[in-house]
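Protein chains in written order, with our numbering: chain P, 1 to 145; chain V, 1 to 145.
The beta carbon of each residue, even a glycine, is placed where N, CA and C say it ideally should be.
Written below as structure tokens is the structure these notes are about.
Protein chains: 2
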Amino acid sequence: MATTATWTDHALRTLEDAGYRSGAARAHVVRALGRQDCCLTARELADQLRDGGDEVGIASIYRALEVLGELRLVHRMDAGEGVVRYEPAMPSGEHHHHIVCDHCGQVAAYEDERLEQAIDALADRLAWSVDRHDVVLRGTCPACA
Amino acid sequence: MATTATWTDHALRTLEDAGYRSGAARAHVVRALGRQDCCLTARELADQLRDGGDEVGIASIYRALEVLGELRLVHRMDAGEGVVRYEPAMPSGEHHHHIVCDHCGQVAAYEDERLEQAIDALADRLAWSVDRHDVVLRGTCPACA
DNA sequence: CTGAGTGCAAACAGTTTGCATTACT
DNA sequence: AGTAATGCAAACTGTTTGCACTCAG
Chain P
1 MATTATWTDH
11 ALRTLEDAGY
21 RSGAARAHVV
31 RALGRQDCCL
41 TARELADQLR
51 DGGDEVGIAS
61 IYRALEVLGE
71 LRLVHRMDAG
81 EGVVRYEPAM
91 PSGEHHHHIV
101 CDHCGQVAAY
111 EDERLEQAID
121 ALADRLAWSV
131 DRHDVVLRGT
141 CPACA
Chain V
1 MATTATWTDH
11 ALRTLEDAGY
21 RSGAARAHVV
31 RALGRQDCCL
41 TARELADQLR
51 DGGDEVGIAS
61 IYRALEVLGE
71 LRLVHRMDAG
81 EGVVRYEPAM
91 PSGEHHHHIV
101 CDHCGQVAAY
111 EDERLEQAID
121 ALADRLAWSV
131 DRHDVVLRGT
141 CPACA
């Protein structure tokens with residue numbers, strides 16, 4: 001992820017601008033998220049931080065993720081197996097979607113412009129105001145096939 | 001749902017063909033699902049059954065839903081707020097997707113042919129074998145706007 | 001100094017599992 | 001008769017909350 005520093009800085013600044021005080025736990029969470037290139041769970045985040053010597057209480061991780069989600073700095077994504085995954089959300093709105101392997105549980109990312117266009121066109125047709133979307137594909141990954 | 005009886009019968013027959021014995025709890029779950037036109041949670045299912053005088057233990061409901069899911073008779077869908085929703089899956093493969101209101105939590109269904117085509121084309125391009133997909137839109141419903 | 005931020009442990013909600021009982025086949 | 005299906009209650013898992021303590025502003 002070429003934009004690692006960019007997102008981290010953007011996130012920290014957005015937090016400050018929104019009036020949040022700076023604290024160690026939240027900053028660690030932000031920095032760890034900035035290093036990711038795809039989604040991860042709260043536990044995975046906790047494990048990474050602990051392994052990196054920056055142990056953060058799980059409650060603080062959830063609280064940080066909640067705030068980041070409200071500020072639209074992270075995107076919550078639900079692979080559908082009872083765990084929520086989180087990933088940094090680019091301010092540009094650029095994003096990808098996920099495909100999950102039914103056998104090994106692996107989660108991969110993909111992008112597709114035509115899909116985005118279809119969703120935009122659909123959103124215009126609906127009486128709702130649509131501001132986000134998730135497309136989760138499921139199937140079998142090449143390794144499990 | 002014009003296909004209520006059809007789906008219920010299809011499901012009961014598929015269960016029998018798969019070698020499952022017929023039992024009251026599972027049959028009640030199947031019949032209740034056959035009456036739905038959109039997704040509902042295990043608890044909602046339990047409440048409906050209880051209100052209809054057919055009380056079924058929550059464990060049996062989950063076990064029935066698990067079996068039905070394996071047989072591809074129900075589709076699990078995750079609105080992303082910590083509860084799994086289930087809905088009957090048509091043998092034809094015909095299906096719809098969902099849009100969730102951020103404010104009131106309402107879940108509505110929609111269909112879009114162009115979206116399906118985009119996903120089919122995308123699936124062909126990927127090295128994975130894709131057999132299901134979910135598209136969840138989020139935003140604000142007309143009532144909350 | 002004051003209150004936001006943090007961590008721990010307890011509380012919670014949804015789901016799953018162990019086990020004794022019931023009832024298809 | 002034998003075994004799958006069921007229901008209850010206990011166990012589990014991921015997430016949230018209450019509360020005392022710390023630290024940024």
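With distance defined between alpha-carbon atoms, name the residue in P:131, P:5, P:138 nearest to residue 109 of chain P. Residue P:138 is the option with its Cα nearest to residue 109 of chain P.
Give the straight-line distance between the Cα atoms of residue 82 of chain P and residue 78 of chain V, rounded to the nearest whole angstrom. Rounded to whole angstroms, residue 82 of chain P to residue 78 of chain V spans 9 Å at the Cα level.
Report, in whole angstroms, the separation of the C-beta atoms of residue 65 of chain V and residue 42 of chain V, which I expect to be a contact under 8 Å. Contact holds; Cβ gap of about 7 Å.
Inspect the beta-carbon positions of residue 28 of chain V and residue 49 of chain V and report whether they are closer than 8 Å. Yes; because the gap between Cβ atoms is below 8 Å, this pair is in contact.
Quick check on the burial criterion: 16 or more other C-beta atoms within 10 angstroms. Buried or exposed for residue 111 of chain V? Exposed is the call here.
What does residue 142 of chain P reach in chain V if we use C-beta pairs closer than 7 Å? Per Cβ cutoff of 7 Å: 127, 128.
Note the first and the last residue of the continuous beta strand (DSSP E) segment covering residue 87 of chain P. Run containing residue 87 of chain P: 84–88, per the beta strand (DSSP E) assignment.
Report buried or exposed for residue 58 of chain V, applying the criterion of at least 16 other Cβ atoms within 10 angstroms of its Cβ. The residue is exposed, with fewer than 16 neighbouring Cβ atoms inside 10 Å.
With three or more beta-carbon pairs closer than 8 Å as the criterion, would you say the stretch 91–107 of chain V touches the stretch 90–103 of chain P? No, they do not touch.
Whether residue 115 of chain V touches residue 126 of chain P by CB criterion (8 Å): No, the pair does not count as a contact, with Cβ atoms beyond the cut-off.
Can you check whether the C-beta of residue 110 of chain V is within less than 8 Å of a C-beta belonging to chain P? Closer than 8 Å: yes.
Is residue 70 of chain P buried or exposed, if buried means 16 or more other CB atoms sit within 10 Å of its CB? Burial check for residue 70 of chain P: the Cβ neighbour count within 10 Å stays below 16, so the residue is exposed.
Mark residue 118 of chain P as exposed unless 16 or more other C-beta atoms lie within 10 angstroms of its C-beta, in which case mark it buried. With 16 or more Cβ atoms within 10 Å of its Cβ, residue 118 of chain P is classed as buried.
List the residues of chain V that residue 58 of chain P touches, going by C-beta distances under 9 Å, in chain order. The CB of residue 58 of chain P never comes closer than 9 Å to any CB in chain V; the least such distance is about 16 Å.
DSSP has residue 139 of chain P in a bridge; who is on the other side? P:101, V:130, per the DSSP bridge assignment.
Can you give me the C-alpha to C-alpha distance between residue 93 of chain V and residue 144 of chain P, rounded to a whole angstrom? Between residue 93 of chain V and residue 144 of chain P, the C-alpha separation is close to 24 Å.
Figure out for me which residue from V:62, V:45, V:130 has the closest Cα to the Cα of residue 140 of chain P. That would be V:130, whose Cα lies nearest to the Cα of residue 140 of chain P.
Could you pull the DSSP bridge partners for residue 26 of chain P from this structure? DSSP output for residue 26 of chain P lists no bridge partner at all.
Would you identify the three-state DSSP class for residue 72 of chain P, choosing helix, strand or coil? The answer is coil: DSSP assigns residue 72 of chain P none of H, G, I, E or B.
Mind listing the chain P neighbours of residue 98 of chain V? Cutoff is C-beta to C-beta under 9 Å, in chain order. Residues of chain P passing the Cβ test: none, with the nearest at roughly 10 Å.
If you drop the 5 nearest sequence neighbours on each side, which residues of the same chain put their C-beta closer than 7 Å to that of residue 31 of chain P? The beta carbon of residue 31 of chain P lies closer than 7 Å to those of 8 in the same chain, with the five residues before and after it left out.
Give me the residue from P:134, P:62, P:35, P:63 with the minimum Cα distance to residue 52 of chain P. The candidate whose alpha carbon is nearest that of residue 52 of chain P is P:35.
Under 8 Å between the Cβ atoms of residue 39 of chain V and residue 113 of chain V? Cβ atoms of residue 39 of chain V and residue 113 of chain V: not closer than 8 Å.
Test: residue 15 of chain P CB closer than 8 Å to a CB of chain V: With 8 Å as the cut-off, residue 15 of chain P does not count as an interface residue toward chain V.
Just to confirm, is the Cβ distance from residue 218 of chain V to residue 20 of chain V under 8 Å? For residue 218 of chain V there is no data in the structure shown, the boundaries of chain V being 1 and 145.
With 16 as the cutoff for other CB atoms within 10 Å, does residue 89 of chain V come out buried or exposed? Counting the other CB atoms within 10 Å of its CB gives residue 89 of chain V a total of 16 or more, which places it among the buried residues.
By how many angstroms is the C-alpha of residue 85 of chain P removed from the C-alpha of residue 60 of chain P? Distance between residue 60 of chain P and residue 85 of chain P, taken at the CA atoms: about 16 Å.
Cβ shell of residue 97 of chain P (< 8 Å), same chain only, five flanking positions each side left out: Excluding residues within five positions, the ones whose Cβ falls inside 8 Å are 109, 110, 111, 112, 115, 134, 135, 136, 137.
Express the C-alpha separation of residue 107 of chain P and residue 132 of chain V in angstroms, rounding to a whole number. Computed Cα separation, rounded: 14 Å.
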